[in-house]
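J.:
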Amino acid sequence: MSEITDQLGELPRPDLPRPEPIPDGAKARARPIWTMLLAPAGVFLTSLDIVVVATALPVVRTHLHASLADLEWTINAYNLVLACLLMTGAALGDRFGRRRMFVAGLVVFSLASAAAALSTTSGELIMARVVQGAGAAVVMPLTLTLIIDAFPAARRGVAIGIWGGVSGLGVAAGPVVGGAITEGLSWQWIFWVNVPVGLGVALLSALRLRESRGPRSRLDIVGLMLVGTGVFALTWAPVRAPVAGWGSAEVLCALAAGVILLTAFLGWERRTAHPMVPFGYFARRGFAAANAVAFGQQISLIGSLFMISQLLQTGMGYSPLGAGLRILVWNGTLMLVAPLAGALADRVGNRSIMAAGMAVQAAGLGWLAAVVRPGVGYGDLVLPLIVAGVGISMGFPTVANMVTGSVPVEDAGVAAGTNSALRELGSVFGVAIIALVFAGNGGYASPESFIDGFRPAMAVAAAIALLAVVPAVLGPGGVITITARKETS
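Numbering (my numbering), first residue to last: 25 to 513.
(1) Which same chain residues, not among the five before or five after G390, have their C-beta less than 7 Å away from its C-beta?
(2) Could you tell me which of S143, W213, V154 sits nearest to H89, measuring between CA atoms?
(3) Secondary structure at S272, three-state DSSP: helix, strand or coil?
(4) Pop quiz: T59 and A436 are said to be a contact at Cβ under 8 Å. What is the actual Cβ separation, rounded to whole angstroms?
(5) Can you give me the Cβ contacts of P165 inside the same chain, cut-off strictly under 6 Å, excluding the 5 residues immediately before and after it?
(6) Please classify S91 as buried or exposed, where buried requires at least 16 other C-beta atoms within 10 Å of its C-beta.
(7) Using a 10 Å radius around the Cβ and a threshold of 16 neighbouring Cβ atoms, would you call E472 buried or exposed?
(8) By the 10 Å Cβ neighbour count, where 16 or more other Cβ atoms means buried, how is L209 classified, buried or exposed?
(9) Between the beta-carbon of N355 and the beta-carbon of G413, is there less than 8 Å?
(10) Tell me whether L142 sits in a helix, a strand or coil according to DSSP, three-state version.
(11) Here's a check: name, in chain order, each residue in its chain whose Cβ is nearer than 6 Å to the Cβ of L345, leaving out the five neighbours to either side.
(12) Below 8 Å on the Cβ atoms is my guess for L491 versus L258; work out the distance and round it to an integer in Å.
(13) According to the neighbour-count rule (16 or more other Cβ atoms, all chains shown, within 10 Å of its Cβ), is G466 buried or exposed?
(14) Drop a sphere of 10 angstroms on the beta-carbon of T422, count the other beta-carbons inside from all chains shown, and report buried for 16 or more, exposed for fewer.
(15) Just to confirm my understanding: we take W216, look at its own chain, exclude 5 residues before and 5 after, and list those with CB closer than 6 Å. What are they?
(16) What's the gap between the Cα of G252 and the Cα of N425?
(17) Which whole-angstrom value is the C-beta distance of S71 and S191, which I expect to be below 8 Å?
(18) Where G222 and G499 are concerned, what is the direct C-alpha to C-alpha distance, given to the nearest angstrom?
(19) Grab me the residues of V301's own chain with a C-beta within less than 7 Å of its C-beta, minus the 5 sequence neighbours each way, in chain order.
(20) In whole angstroms, what separates the C-alpha of I457 from that of P480?
(21) Let me know the alpha helix (DSSP H) ranges lying completely inside the region 359-446, each 4 residues or longer, listed in chain order.
(22) Going by C-alpha to C-alpha distance, which of D476, M151, A80, I410 sits closest to M359?
(23) Go to L329, then tell me how far its alpha helix (DSSP H) extends in each direction, as first and last residue.
(24) Excluding the 5 residues flanking R350 on each side, which residues of the same chain have their C-beta closer than 7 Å to its C-beta?
(25) Apart from the five residues just before and just after A212, which ones in its own chain have a Cβ nearer than 6 Å to its Cβ?
(26) For G454 versus A463, is the C-beta spacing smaller than 8 Å?
(27) Return helix, strand or coil for E448, following the three-state DSSP convention.
(28) Is DSSP giving G356 helix, strand or coil here?
(29) Look at the alpha carbon of G269 and the alpha carbon of Y468, and state the distance between them as a whole number of angstroms.
(30) Rounded to a whole number of angstroms, what is the C-alpha to C-alpha distance between M382 and L368?
(31) Where do the N-terminal and C-terminal ends of the alpha helix (DSSP H) with A487 fall, by residue?
(32) Starting from the C-beta of P45, find all residues in its chain whose C-beta is less than 7 Å away, skip the five residues before and the five after it, and write them out in chain order.
(33) Is A307 buried or exposed, if buried means 16 or more other CB atoms sit within 10 Å of its CB?
(34) In whole angstroms, what separates the C-alpha of V384 from that of G185?
(35) Just verifying my parser: in three-state terms, what is the DSSP assignment at H87?
(36) Using C-beta distances below 6 Å, list every residue in its chain close to D173, excluding the 5 sequence neighbours before and after it, in chain order.
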C-alpha cells in the first residue's frame with residue numbers, strides 16, 4: 025500500500041506546482057552525490073558561525089576598542105536574527121525555489137562575512153553579523169529540504185544522519201576553528217574563510233542541484249510577522265537576562281510578548297487560507313514530539329558546550345586552541361555515530377533510538393558533573409564526554425527524520441524551518457539557564473570557585489536531557505515513510 029501511495033504522491037495535482045522531471049541514468053545518480061557535498065557544506069558554514077567568534081573576542085575587544093556589551097552583541101546579533109528568520113527562510117524557499125534561495129542565502133552570508141572582516145568599529149561588525157544571520161536563516165533549513173528532495177525514503181536516514189553530524193559538528197567545532205585561526209592568522213580570517221567557500225558552494229549549487237518548490241504559491245505575510253516578532257521577543261529575554269535580571273520588567277515583558285505573539289500566530293495559522301504552518305501538524309505525534317526533543321536537547325547541548333569550553337580554560341588552564349582540541353572527543357562522535365544512527369532508524373524507527381540518545385546524553389553529562397573536582401585531569405573527562413557525544417549523535421538525525429517524516433514531503437521545508445527555529449531558541453535559552461545556575465553556585469574568582477558552579481550547572485544540563493526522553497517516548501513508533509499526501513508508519 026505504501027508503494028501505491030508513493031506513486032500517487034508523485035502525480036501532479038492542480039493545487040501544487042508541477043514537479044520538474046526527475047533525471048534518470050547518470051544524472052539521477054549524480055544528484056544525491058552533489059546534494060550530499062553541497063547541503064552539508066552550507067549547514068556547516070552557517071552552524072560554525074554561531075560560536076566561531078567566541079574565542080576571538082579578547083582580540084576583537086582590543087583591536088576594535090569594543091565594550092562588554094559590544095562583545096555580547098557580536099555573538100547575539102547573529103543568533104537572534106537566525107532564530108527569528110529561520111521559518112521565513114524555509115517559506116521563501118517553498119515560494120521562490122529552494123535551490124534559488126539556498127544560493128541567494130549563501131551569497132548574502134558570504135558578502136556579509138567579507139563586511140565583518142573589513143569592519144573597523146564594533147558597530148560595523150555587529151551590523152555585518154546581523155546580515156550574516158539573515159543569510160544563514162535562509163541557508164540552514166533549506167539544506168535539510170534539499171537532502172529530502174534528493175533521496176528516496178529508504179535512504180534518507182543515512183543522508184539525514186550525515187547532515188545531523190555535520191550540523192552538530194559545525195556548532196561544536198566553532199571554538200576549535202576560531203582559536204586556531206585567531207592564533208595562527210588573525211581574527212578577520214574567521215570571516216574571510218567563509219567568502220571563497222560560501223561563494224564556491226553557491227556556484228556549484230546553482231549548477232548541480234535540482235530546483236524544487238513547496239505547495240504554497242502565496243506567502244503568509246501575517247504569519248511571518250507574528251512568528252518573527254514572537255521568536256524575537258522570546259530570544260531577547262534570555263539574551264538580556266544576564267544584564268537586566270530575570271525578574272526585570274524588560275525580561276518579563278519580552279517573555280509575555282513572545283508567548284502572546286506565538287499564540288496569535290497559531291490562531292492565525294488555524295484560520296488563514298494560506299497557512300505558513302498548517303495548524304494540524306502541531307497535533308501530529310511525530311511533529312510535536314520531535315520538536316519538543318529538539319528544544320530540550322539543544323538547551324542541554326549548547327549550555328554544556330558553553331560551560332565545558334570554559335572549564336578547560338578557566339578551570340584547567342588550557343589555551344583556547346588547546347581547549348577546543350580536547351573537546352573533539354565529545355563532538356567528534358557526531359561524524360561517526362550520527363550516520364549510523366540514521367541508518368539504524370531506517371530499519372527500526374526513530375523513537376527508540378531518539379529516546380536512548382537522550383538518556384545516554386543525560387548519563388554522560390551527569391557523569392561529567394560527578395567526576396569534575398579541583399585538580400581533575402583531562403583523562404577523567406574523556407569517557408563522560410564520549411558518552412554524552414554518542415547520545416547527542418543519536419538524537420540529531422532521528423529528530424530531523426521524525427519531524428520531516430511527520431508531514432507530506434512537499435512540506436519538508438516547513439517542518440525543517442520549524443525545527444531549526446526551535447533549536448535556535450533552545451540554544452539561546454541553554455546558555456541563559458546554565459549560566460544562571462553556574463552564577464548561583466560559583467564564579468570566576470578561582471578555579472575552585474568555577475568548579476563549584478560547574479558541577480550543578482552540568483547536573484541541570486543532564487536533567488534537561490533526561491526530561492527530553494519523555495516526548496521522545498511519546499513519539500510514533502515504527503519506520504516513517506514520507507509521501508506526498510500523508511504520513512505512514
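All C-beta atoms, glycine included, are put in the ideal place defined by N, C-alpha and C.
T.: Reading from the atomic positions:
(1) Translated into the one-based positions of the sequence shown, residue 390 becomes position 366. Taken in chain order, the residues that qualify are A483, A486.
(2) Within the sequence shown, the letter at position 65 stands for residue 89. By alpha-carbon distance to H89, the top candidate from S143, W213, V154 is S143.
(3) Looking up residue 272 in the sequence shown gives position 248. Of the three classes helix, strand and coil, the one that applies to S272 here is coil, per DSSP.
(4) What you label residue 59 is simply residue 35 of the sequence shown in a count that begins at 1. What you label residue 436 is simply residue 412 of the sequence shown in a count that begins at 1. Taking the Cβ atoms as the reference, T59 lies roughly 13 Å from A436, outside the contact range of under 8 Å.
(5) For this step, residue 165 is matched to residue 141 along the sequence shown. Correct list, in chain order: L110, G113, A114, A440, G441, S444.
(6) Your numbering for residue 91 matches position 67 in the sequence shown. Exposed: under 16 other Cβ atoms inside 10 Å.
(7) Within the sequence shown, residue 472 is the residue found at index 448, counting from 1. Exposed, because fewer than 16 other Cβ atoms sit within 10 Å of the Cβ of E472.
(8) Position 185 of the sequence shown, counted from the start, is the residue given in the question as residue 209. L209 counts as exposed, since fewer than 16 other beta carbons sit within 10 angstroms of its beta carbon.
(9) In the sequence shown, residue 355 corresponds to position 331, counting from 1. In the sequence shown, residue 413 corresponds to position 389, counting from 1. Yes.
(10) Here residue 142 refers to the residue found at position 118 when the sequence shown is read from its first residue. Coil.
(11) The sequence position of residue 345 within the sequence shown is 321, counting from 1. If you ignore the 5 residues before and after L345, its C-beta comes within less than 6 Å of the C-beta of G203, A204, E207, all in its own chain and listed in chain order.
(12) On the sequence shown, residue 491 is found 467 positions in, with the first residue counted as 1. On the sequence shown, residue 258 is found 234 positions in, with the first residue counted as 1. With 8 Å as the limit, L491 and L258 do not qualify as a contact, their Cβ atoms being about 19 Å apart.
(13) The residue given as residue 466 occupies position 442 in the sequence shown. Counting C-beta atoms within 10 angstroms of its own C-beta, G466 has 16 or more neighbours from the protein chains shown and is therefore classed as buried.
(14) Here the question's residue 422 lines up with position 398 in the sequence shown. Classification of T422: buried, given that the 10 Å Cβ count is 16 or more.
(15) Within the sequence shown, residue 216 is the residue found at index 192, counting from 1. Within the same chain, and ignoring the five residues on either side of W216 in sequence, the residues whose Cβ sits closer than 6 Å to its Cβ are A141.
(16) Position 228 of the sequence shown, counted from the start, is the residue given in the question as residue 252. Position 401 of the sequence shown, counted from the start, is the residue given in the question as residue 425. So the alpha carbons of these two residues sit roughly 25 Å apart.
(17) By one-based count along the sequence shown, residue 71 stands at place 47. By one-based count along the sequence shown, residue 191 stands at place 167. Contact check for S71 and S191: beta-carbon distance about 5 Å, within the 8 Å limit, so the pair qualifies.
(18) On the sequence shown, position 198 is the one that residue 222 refers to. On the sequence shown, position 475 is the one that residue 499 refers to. Straight-line Cα distance between these residues: approximately 37 Å.
(19) As a position in the sequence shown, residue 301 is number 277, starting the count at 1. Here the set comprises E293, V438, T442.
(20) In the sequence shown, counting from the first residue as 1, residue 457 sits at position 433. In the sequence shown, counting from the first residue as 1, residue 480 sits at position 456. Distance between the alpha carbons of I457 and P480: 12 Å.
(21) Taking only runs of at least 4 residues, the alpha helix (DSSP H) segments lying wholly in the region 359-446 are 374-395, 403-429.
(22) Walking along the sequence shown from the start, residue 359 turns up at place 335. Out of D476, M151, A80, I410, the CA that lies nearest to the CA of M359 is found in I410.
(23) For this step, residue 329 is matched to residue 305 along the sequence shown. Note, L329: alpha helix (DSSP H), 309-334.
(24) Walking along the sequence shown from the start, residue 350 turns up at place 326. Taken in chain order, the residues that qualify are L336, Y342, Y402.
(25) Residue numbering aside, residue 212 sits at position 188 when the sequence shown is read from its first letter. Per the sequence shown, the amino acid found at residue 212 is Gln instead of Ala. Excluding sequence neighbours, Q212 sits near A141.
(26) What you label residue 454 is simply residue 430 of the sequence shown in a count that begins at 1. What you label residue 463 is simply residue 439 of the sequence shown in a count that begins at 1. Using a Cβ distance threshold of 8 Å, G454 and A463 do not count as a contacting pair.
(27) As a first step, residue 448 must be located in the sequence shown, where it is residue number 424. E448 falls in the helix class under three-state DSSP.
(28) Position 332 of the sequence shown holds residue 356. The answer is coil: DSSP assigns G356 none of H, G, I, E or B.
(29) Taking the first residue of the sequence shown as 1, we reach residue 269 at position 245. Taking the first residue of the sequence shown as 1, we reach residue 468 at position 444. Those two C-alpha atoms are separated by around 19 Å.
(30) The residue labelled residue 382 in the question sits at position 358 within the sequence shown. The residue labelled residue 368 in the question sits at position 344 within the sequence shown. Roughly 16 Å between the two C-alpha positions.
(31) Reading the sequence shown from its first residue, position 463 is the one you call residue 487. Looking at the DSSP string, the run of the alpha helix (DSSP H) that includes A487 is 471-491.
(32) Here residue 45 refers to the residue found at position 21 of the sequence shown. Note that P45 scores 43 on pLDDT, short of 50, meaning its location in the model is unreliable and no value can be drawn from it.
(33) In the sequence shown, counting from the first residue as 1, residue 307 sits at position 283. When all chains shown are included, A307 counts as exposed.
(34) The residue you call residue 384 lines up with position 360 of the sequence shown. The residue you call residue 185 lines up with position 161 of the sequence shown. G185 has its alpha-carbon roughly 18 Å from the corresponding atom of V384.
(35) Along the sequence shown, read from residue 1 onward, the residue named residue 87 stands at position 63. Helix.
(36) Along the sequence shown, read from residue 1 onward, the residue named residue 173 stands at position 149. Same-chain partners within the cutoff: S236.
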